[in-house]
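Residue numbers (our numbering), protein chains in the order written: chain G, 1 to 227; chain P, 1001 to 1227; chain F, 2001 to 2227; chain X, 3001 to 3227.
From the three backbone atoms N, C-alpha and C, an ideal C-beta is built for every residue, glycine too.
Number of protein chains: 4
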Amino acid sequence: MGITERKTRERKQRRALILQKARDLILENGVDALNMQDIADESELSKATLYLYFENKDALLLEILGDATKSFVEYVKTRLDPSASGIEALNTLWASYIGIFGESQDIFVLTGIMRQITPASLPGAQGVKSANGASFSRMRSLISEILSRGVADGTLESGIDPDRLSRTIITIAMAIIDDVARLPREARDARLIEAELKGIFELMLRGVAARDTDRTLLKLPIHEGAE
Amino acid sequence: MGITERKTRERKQRRALILQKARDLILENGVDALNMQDIADESELSKATLYLYFENKDALLLEILGDATKSFVEYVKTRLDPSASGIEALNTLWASYIGIFGESQDIFVLTGIMRQITPASLPGAQGVKSANGASFSRMRSLISEILSRGVADGTLESGIDPDRLSRTIITIAMAIIDDVARLPREARDARLIEAELKGIFELMLRGVAARDTDRTLLKLPIHEGAE
Amino acid sequence: MGITERKTRERKQRRALILQKARDLILENGVDALNMQDIADESELSKATLYLYFENKDALLLEILGDATKSFVEYVKTRLDPSASGIEALNTLWASYIGIFGESQDIFVLTGIMRQITPASLPGAQGVKSANGASFSRMRSLISEILSRGVADGTLESGIDPDRLSRTIITIAMAIIDDVARLPREARDARLIEAELKGIFELMLRGVAARDTDRTLLKLPIHEGAE
Amino acid sequence: MGITERKTRERKQRRALILQKARDLILENGVDALNMQDIADESELSKATLYLYFENKDALLLEILGDATKSFVEYVKTRLDPSASGIEALNTLWASYIGIFGESQDIFVLTGIMRQITPASLPGAQGVKSANGASFSRMRSLISEILSRGVADGTLESGIDPDRLSRTIITIAMAIIDDVARLPREARDARLIEAELKGIFELMLRGVAARDTDRTLLKLPIHEGAE
DNA sequence: TATGAATGAGATTTCATTCAT
DNA sequence: CATGAATGAAATCTCATTCAT
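What follows is the structure, given as structure tokens:
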């Protein structure tokens, strides 16, 4: 029994290795510059081998995207207090976003890929490939749910359409990250970026909060672990 | 003297023609799909000739970007009332943005290119090519000036850093447009997009306005000419 | 002794399984589309294992070819009346050909492979690999013998060179089948194909028959089992 | 005026060169082994350049096919006596075929490509690409017309269906050539091959001729120029 | 004996850019 | 000034075959 298991484990590890190297490359040079040869070189495998693990380049990207989304959504969910008000939940969401960024910068990868393969996210856009669509809607339902809660409990603007706004929020968050990702790696200063993110997210909090919201809820904490 | 002048004039016209055709192509198929062959075909010139007018593809794009920015900034300036308050000016800025979009959709081109060639806009980014940097800072000073005015006259949040926020605002505005630009041309519904833009800009107005701002200034008009 | 025998038997069965699956695939998609991965998948073995049973892809194909030829030749021999005249024997040969086609369509496989790997069949061709050569000469001697008989008993054209003509006949028969095999499977209409074969074979019968041959021997029966 | 013309001429010559080199390669190694790199090397051009002259590999093959068919059909037509009987015309057709083979061996190329890209020629096959279809039907109408003439003037078997038989004849002719083409170049002995072709075509002549046809019309001449 | 894994070599196609005329 | 022509370098993907276990 040992052998089969070991093989399976090794196979998983290789998959993981490839995905990780691809992620690294995206982080380093951006998703546009990613190509199969580089992934192969970096993984110390041949190009052909990559195709044993992933049907094609898109499948590989989609998998990275799916993983990143899933872990982000899960991360946020563990930090969400189910009894919190809508504005509090939103605050937590942004704080998590900044937190994750501070820890792993995986968010770069997520966003980069999303930009590359999401045809669009306006209402009516249909062509989104299923896997990608899945990632996307996972995030959207999370956000949409938070917004609905806030509208219901009166902590968010009453005029908000949670469905539409959730899309917008993703678009904006992606944009910010994407913008950062285009910087050469050495120009990325985590502290500065965090400050930037904080500024934008606070702006958005003010933009969606109900008029009488407690002002302290419109401030985000600074993530401490930033190197 | 006549001959030299005519030559110069003709040269300018050719440049303009090339730029226009490139713009058309971007509008039609997106900036990712733009290639030199198509521009040449469309301009009824040879590829080699393009290189007589532009050093390389990037230079061409940069020029389009510069032009678009300049005309956008000018358009906005003509509509700005010098005596208006900061929040009013910001309102006018967004309204202009939506208005320009409604009229020419040139904004697609501007944004598409910016995303493609702007390394980034965070503080510390150095690699920004000068021409692009010029475009960029033209827009930034416009917005920054408006924000400063608002902070000074008390219509905008006092905590705002005009310099930093101007950058953020551009990033977000670009993101929204970029998102739209990825839709196939036939899927772009001007009315829907305008509604989307309006929603986001109003959110941003609320986000930056001082607490006691007249609420009617936080609403944007619908552009009427939308077909 | 039991163990060794069982092993040998199992080994034979595996070989047979692989060959059968390969045949099925050729029948389904044509010999051009055949690849080792598909054979392995279909046989529920690994690609590497195929190489334990066959030196390489060619060897595998050659074996299929040999089997098919052998069974075709045997099938024909059982139907040949040793006392029949040459023209009658030739008639039987064609009828068998059509009959085999009607029953199993294995003839597709035989022909497809032959076309792919037979360097050629003209006199002087030396490079023919032995196994293939064996298949080929098995068929040739069968036909050659029939032709010789016909020349001897005066039912076939006296000018015929049995040796050379046997080759020609095989070539033509292969061509017809090969042509059919290139049709997508669903476009293959057994009845139409049989009619086609019949037309050609009757033409060939007329072409080789002596002038005074009984005309009824120049007609082929329709195979009844055709669905 | 001279320059444009010269350029056009040179362009045509390059096209012709590429086609010729491709033909040579097919002649040398068969159509299966043909690849763009080899054509490029042989033409002393880069692969990319080939794509300036031909949209893709298929287009290149199709052009060779079209040329070869056209010149074959024209060659035959110049040799056909309009007042000749059907059997005489058929005799001329075969003689031409052998003659062309003896002169240029271009017939190898024609056949090789046809086999590669003609899905099939049985009734009901539709998927044939248009250009290829054009080549194919050019040959078919030539042959069909000859057969009709023969049925009408009583020199060919009355039971013949010109339409169907024309297809069959092409299939067989292609098969013979294809078979030869698979020989390594150095094993191809023009004299032997001609004798082979002659034997087969005479067989077919006998197969389609009316019973009372003048026997001398069933013999083909030997092509003299054979080296 | 069996196999999962790996790979070298090669196929087609694209595109920004250069150069001789 | 204009251009037709050419190309290097790269990208994605395929497949028969080998090897360590």
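Chain X beta carbons: is any one of them nearer than 9 Å to that of residue 2164 of chain F?
-> Mapped onto the third sequence, residue 2164 of chain F falls at position 164. So yes, residue 2164 of chain F belongs to the interface.
Using a Cβ-Cβ distance under 9 Å, would residue 139 of chain G count as near chain P?
-> Taking the first residue of the first sequence as position 1, residue 139 of chain G is located at position 139. Closer than 9 Å: no.
For residue 2143 of chain F, I'd like the list of residues in its chain whose CB is within less than 6 Å of its CB, leaving aside the five on either flank, ordered along the chain.
-> Within the third sequence, numbered from 1, the residue matching residue 2143 of chain F stands at position 143. So the qualifying residues of the chain are 2166 and 2169.
By the 10 Å Cβ neighbour count, where 16 or more other Cβ atoms means buried, how is residue 2091 of chain F classified, buried or exposed?
-> Position 91 of the third sequence, counting from 1, holds the residue named residue 2091 of chain F. That one is buried.
Between the segment 3195–3216 of chain X and chain F, which residues of the former have CB atoms less than 7 Å from a CB of the latter, in chain order?
-> 3196, 3199, 3200, 3203, 3204, 3206, 3207 and 3208
Give a yes or no on whether 9 Å exceeds the smallest Cβ distance from residue 3036 of chain X to chain F.
-> As a first step, residue 3036 of chain X is located in the fourth sequence; it is residue number 36 there, counting from the start. By this cut-off, residue 3036 of chain X is not an interface position.
Sorted by chain position, which residues of the same chain lie with C-beta nearer than 7 Å to residue 1989 of chain F's C-beta, five sequence neighbours on each side aside?
-> Lying outside 2001 to 2227, the shown extent of chain F, residue 1989 of chain F is not represented and no answer is given.
Round the Cβ separation of residue 196 of chain G and residue 220 of chain G to the nearest angstrom and send it over; I've been treating them as touching at under 8 Å.
-> Translated into the one-based positions of the first sequence, residue 196 of chain G becomes position 196. Translated into the one-based positions of the first sequence, residue 220 of chain G becomes position 220. Their Cβ separation, rounded to whole angstroms, is 12 Å, which puts residue 196 of chain G and residue 220 of chain G out of contact at 8 Å.
Residue 3069 of chain X: which of X/3154, X/3109, X/3082 and X/3080 sits nearest, CA to CA?
-> The residue given as residue 3069 of chain X occupies position 69 in the fourth sequence. Ranking X/3154, X/3109, X/3082 and X/3080 by Cα distance to residue 3069 of chain X puts X/3109 first.
When the distance is taken between beta carbons, is residue 2107 of chain F closer than 9 Å to residue 2113 of chain F?
-> Walking along the third sequence from the start, residue 2113 of chain F turns up at place 113. Walking along the third sequence from the start, residue 2107 of chain F turns up at place 107. No. Outside cutoff.
DSSP state of residue 3156 of chain X mapped onto helix, strand, coil | Mapped onto the fourth sequence, residue 3156 of chain X falls at position 156. It is a strand residue.
Cβ-based neighbour list, residue 2039 of chain F, same chain, cut-off 7 Å, excluding 5 preceding and 5 following | Residue 2039 of chain F sits at position 39 when you count from the first residue of the third sequence. The residues are 2018, 2021, 2022, 2025 and 2050.
Residues in the segment 56–73 of chain G having any Cβ partner in chain P nearer than 8 Å = none
Using a Cβ-Cβ cut-off of 6 Å (strictly less than) and excluding sequence neighbours within five positions of residue 3198 of chain X, which residues of its own chain qualify?
-> Mapped onto the fourth sequence, residue 3198 of chain X falls at position 198. Contacts found: 3220.
Confirm the yes/no value for this check: CB of residue 204 of chain G, any heavy atom of the ligand ADP, distance under 8 Å.
-> The ligand ADP is absent from the structure shown, which contains no ligand whatsoever.
Continuous alpha helix (DSSP H) assignments of at least 4 residues falling wholly in the segment 2–89 of chain G | 2–29, 36–43, 47–53 and 57–79
Member of P/1047, P/1218, P/1176 and P/1077 whose CA lies at the smallest distance from the CA of residue 1145 of chain P | Your numbering for residue 1145 of chain P matches position 145 in the second sequence. Nearest option by C-alpha distance: P/1077.
Leaving aside the five residues before and after residue 3037 of chain X along the sequence, list all residues of the same chain whose C-beta is less than 8 Å from its C-beta, in chain order.
-> Translated into the one-based positions of the fourth sequence, residue 3037 of chain X becomes position 37. Here the set comprises 3047.
Is residue 210 of chain G helix, strand or coil when you go by DSSP?
-> In the first sequence, counting from the first residue as 1, residue 210 of chain G sits at position 210. Three-state DSSP puts residue 210 of chain G in coil, outside helix and strand.
So, is the C-beta of residue 2088 of chain F closer than 9 Å to a C-beta in chain X?
-> In the third sequence, residue 2088 of chain F corresponds to position 88, counting from 1. No, its Cβ sits nowhere closer than 9 Å to a Cβ of chain X.
Residues in its own chain within less than 8 Å of residue 2089 of chain F by CB, not counting five upstream and five downstream?
-> As a working note, residue 2089 of chain F is residue 89 in the third sequence. Correct list, in chain order: 2080, 2081, 2146, 2149 and 2150.
C-alpha gap between residue 1216 of chain P and residue 1205 of chain P, whole angstroms | The residue given as residue 1216 of chain P occupies position 216 in the second sequence. The residue given as residue 1205 of chain P occupies position 205 in the second sequence. Cα to Cα, the separation comes out at about 11 Å.
Verify the CB distance criterion: does residue 2176 of chain F have a CB-CB separation below 9 Å to chain X?
-> The residue given as residue 2176 of chain F occupies position 176 in the third sequence. It does: the Cβ of residue 2176 of chain F has a partner Cβ on chain X nearer than 9 Å.
Give a yes or no on whether the minimum CB-CB distance between residue 1172 of chain P and chain G is below 9 Å.
-> Start at 1 with the first residue of the second sequence, and residue 1172 of chain P comes out as number 172. Yes - at least one Cβ of chain G is within 9 Å of the one on residue 1172 of chain P.
When F/2176, F/2188 and F/2059 are compared against residue 2015 of chain F, the one with the closest alpha-carbon | In the third sequence, counting from the first residue as 1, residue 2015 of chain F sits at position 15. Of the listed residues, the one whose Cα sits closest to residue 2015 of chain F is F/2059.
With 9 Å set as the bound, which would you pick, yes or no: does the beta-carbon of residue 3155 of chain X sit closer than that to a beta-carbon of chain F?
-> Within the fourth sequence, residue 3155 of chain X is the residue found at index 155, counting from 1. By this cut-off, residue 3155 of chain X is not an interface position.
Residue-level contact to chain G via CB, residue 1161 of chain P, 9 Å cutoff | Residue mapping note: residue 1161 of chain P aligns to position 161 of the second sequence, counting from 1. Yes, because at least one Cβ of chain G sits closer than 9 Å to the Cβ of residue 1161 of chain P.
Chain F contact for residue 3092 of chain X (CB, 9 Å cutoff) = Mapped onto the fourth sequence, residue 3092 of chain X falls at position 92. By this cut-off, residue 3092 of chain X is not an interface position.
Report the rounded CA-to-CA distance for residue 2158 of chain F versus residue 2096 of chain F, giving the unit in angstroms.
-> As a first step, residue 2158 of chain F must be located in the third sequence, where it is residue number 158. As a first step, residue 2096 of chain F must be located in the third sequence, where it is residue number 96. Computed Cα separation, rounded: 25 Å.
For my contact list, residue 3073 of chain X and residue 3138 of chain X are in at a C-beta cut-off of 8 Å; report their separation, rounded to the angstrom.
-> Your numbering for residue 3073 of chain X matches position 73 in the fourth sequence. Your numbering for residue 3138 of chain X matches position 138 in the fourth sequence. Yes, residue 3073 of chain X and residue 3138 of chain X are in contact; Cβ-Cβ is about 5 Å, under 8 Å.
Residue 57 of chain G versus residue 33 of chain G - alpha carbon distance = Position 57 of the first sequence, counted from the start, is the residue given in the question as residue 57 of chain G. Position 33 of the first sequence, counted from the start, is the residue given in the question as residue 33 of chain G. Approximately 13 Å between the Cα atoms of the pair.
Go ahead and pull the three-state DSSP assignment for residue 2218 of chain F.
-> Along the third sequence, one-based indexing puts residue 2218 of chain F at 218. Correct three-state label for residue 2218 of chain F: helix.
Any C-beta of chain G under 9 Å from that of residue 1168 of chain P = By 1-based counting over the second sequence, the position of residue 1168 of chain P is 168. Answer yes: the Cβ-Cβ gap between residue 1168 of chain P and chain G drops below 9 Å somewhere.
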